[in-house]
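Protein chains: 2
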Amino acid sequence: MTTPTIDRQIERRLADADVRYTRGRRVVISALAEADGPRSAAELSRVIGESVPLSSLYRSLAVLEEAGVLAPHFSSPGLTRYELAEWLSGHHHHLVCICCGIVQDIEVADGLEQRLQEIVADIAGGVSFSELNHALEIEGHCAGCA
Amino acid sequence: MTTPTIDRQIERRLADADVRYTRGRRVVISALAEADGPRSAAELSRVIGESVPLSSLYRSLAVLEEAGVLAPHFSSPGLTRYELAEWLSGHHHHLVCICCGIVQDIEVADGLEQRLQEIVADIAGGVSFSELNHALEIEGHCAGCA
DNA sequence: GCTCCTTTTGATATTGATTCTCGTTAGAGT
DNA sequence: ACTCTAACGAGAATCAATATCAAAAGGAGC
Ligand SMILES: [Zn+2]
Ligand SMILES: [Zn+2]
Ligand SMILES: [Zn+2]
Ligand SMILES: [Zn+2]
Numbered sequence: 001m002t003t004p005t006i007d008r009q010i011e012r013r014l015a016d017a018d019v020r021y022t023r024g025r026r027v028v029i030s031a032l033a034e035a036d037g038p039r040s041a042a043e044l045s046r047v048i049g050e051s052v053p054l055s056s057l058y059r060s061l062a063v064l065e066e067a068g069v070l071a072p073h074f075s076s077p078g079l080t081r082y083e084l085a086e087w088l089s090g091h092h093h094h095l096v097c098i099c100c101g102i103v104q105d106i107e108v109a110d111g112l113e114q115r116l117q118e119i120v121a122d123i124a125g126g127v128s129f130s131e132l133n134h135a136l137e138i139e140g141h142c143a144g145c146a
Numbered sequence: 001m002t003t004p005t006i007d008r009q010i011e012r013r014l015a016d017a018d019v020r021y022t023r024g025r026r027v028v029i030s031a032l033a034e035a036d037g038p039r040s041a042a043e044l045s046r047v048i049g050e051s052v053p054l055s056s057l058y059r060s061l062a063v064l065e066e067a068g069v070l071a072p073h074f075s076s077p078g079l080t081r082y083e084l085a086e087w088l089s090g091h092h093h094h095l096v097c098i099c100c101g102i103v104q105d106i107e108v109a110d111g112l113e114q115r116l117q118e119i120v121a122d123i124a125g126g127v128s129f130s131e132l133n134h135a136l137e138i139e140g141h142c143a144g145c146a
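Rendered as structure tokens:
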């Protein structure tokens, strides 16, 4: 259930970009806001149902990514999952199940995130690469696949 | 240039799995050993040339992954890149250019890797998820895209 | 080298996710 | 309500990847 706060932030962002926040797009955002991790077009379609045709779903995902509202995530062969961008959902990391492929968001306590940030800066500091962000994926077996 | 050591390790692993280490497969391994990061079938084909048809290249990648010699890597929409598995190349992380998409391996000094390991264990310790491995991707602009 | 048997190859067809096309529909502003 | 433009949606097209299957190559034994 999209929080009113997030919804208002998205409204403003889309208005600034002259992109309409239509019914179909609201449905997509709502489905992603309820998920506890990134979801693919097919996974979303299964949840949303017929009300948003696949071709529209794909275009909505592309438009919302372009507007910076959604971020893509890659962890399975041949498909792209999307989630709310971090400025909406907060910085977090992912648990990736190597058995069933599901990806789950995980919040990292401030202290740990701080230490992680330092390590990343140390690593990137030694090479000619301008670090902008980092993504930590923890791979293993989820509760269902234990 | 595949080091003789790595080549011997692969020979043994494939022999154990009753999989032949054929010319085409050697070419693929050699190209990946020379790369400084994961490469897709198309990227490899560009380097290798006509001597290994795409259909064979794809099958070689699948066979070598199945045998545990190669590991897949996902960071770009709609394609899979491969690299030597970590038991061959050593544990490492990746720099991902958000501009051109190239992925580059990066070695992490033991001390940093140790601290990273601790953080990962701390994060995974709090949830019902059996941690097996971790992947840290540092996103930013590569030297070419600066 | 020759035979038999199994694995691999490679040209081609096929699948599956995603994107494109284009006529139709809906939204914001007047 | 009228207009103008953005968005929609059904279907075609694209592109990475996989499946087919007949032909070629390896290996073991002779
Ligand atoms: Zn699982
Ligand atoms: Zn996430
Ligand atoms: Zn770059
Ligand atoms: Zn790597």
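Residue numbers (this note's numbering), protein chains in the order written: chain H, 1 to 146; chain V, 1 to 146.
Built from N, CA and C at the ideal position, the CB exists for glycine as well.
If you're wondering where the values come from, they're calculated on a predicted model, not measured in any experiment.
Pull up the DSSP beta-bridge partners for residue i, would you.
| i | result |
| --- | --- |
| G140/H | C97/H, E131/V |
| A71/V | E83/V |
| S30/H | In the DSSP output, where bridge partners are listed per residue, S30/H has none listed. |
| E39/V | The amino acid at residue 39/V is misidentified as Glu; the sequence shows Arg. Paired residue(s): Y82/V. |
| S76/H | L79/H |
Distance, Cα to Cα, residue i vs residue j?
| i | j | result |
| --- | --- | --- |
| L79/V | D7/V | 27 Å |
| V63/V | P53/V | 15 Å |
| S51/V | D18/V | 24 Å |
| L88/V | Q9/V | 8 Å |
| R13/V | A15/H | 57 Å |
| A135/H | S75/V | 11 Å |
| S30/V | Y21/H | 50 Å |
| L57/V | C100/V | 24 Å |
| S128/V | C142/H | 7 Å |
| G125/H | D36/V | 19 Å |
| L116/H | L84/V | 26 Å |
| G24/H | V96/H | 29 Å |
| A71/H | E34/H | 16 Å |
| V28/V | E66/H | 36 Å |
| L32/H | I102/V | 28 Å |
| S130/H | C145/V | 10 Å |
| E107/H | T2/H | 18 Å |
| G49/H | L61/H | 16 Å |
| G90/V | D110/V | 12 Å |
| L132/H | I98/V | 9 Å |
| D122/H | L112/V | 8 Å |
| R39/H | R59/H | 15 Å |
| E137/V | P77/H | 17 Å |
| E196/V | G68/V | Here chain V has residues from 1 to 146 only, and residue 196/V is not among them. |
| L44/V | R26/V | 13 Å |
| R81/H | D105/H | 13 Å |
Along the chain, where does the alpha helix (DSSP H) containing residue i start, and where does it finish?
| i | result |
| --- | --- |
| V19/V | Note, V19/V: premise wrong, no alpha helix (DSSP H); not H, not E. |
| V52/H | Looking at the DSSP string, V52/H is not in any alpha helix (DSSP H), and its letter there is neither H nor E. |
| G125/H | 110–125 |
Is the closest heavy atom of ligand 1 to the C-beta of residue i under 6 Å?
| i | result |
| --- | --- |
| I102/H | yes |
| G144/H | yes |
| C99/H | yes |
Can you name the start and end residues of the beta strand (DSSP E) that residue i belongs to?
| i | result |
| --- | --- |
| V103/V | 103–106 |
Nearer than 6 Å: is that true of the beta carbon of residue i relative to any heavy atom of ligand 2?
| i | result |
| --- | --- |
| S83/H | Residue identity check: residue 83/H is Glu in the sequence provided, not Ser. E83/H Cβ: within cutoff of ligand 2. |
| D105/H | yes |
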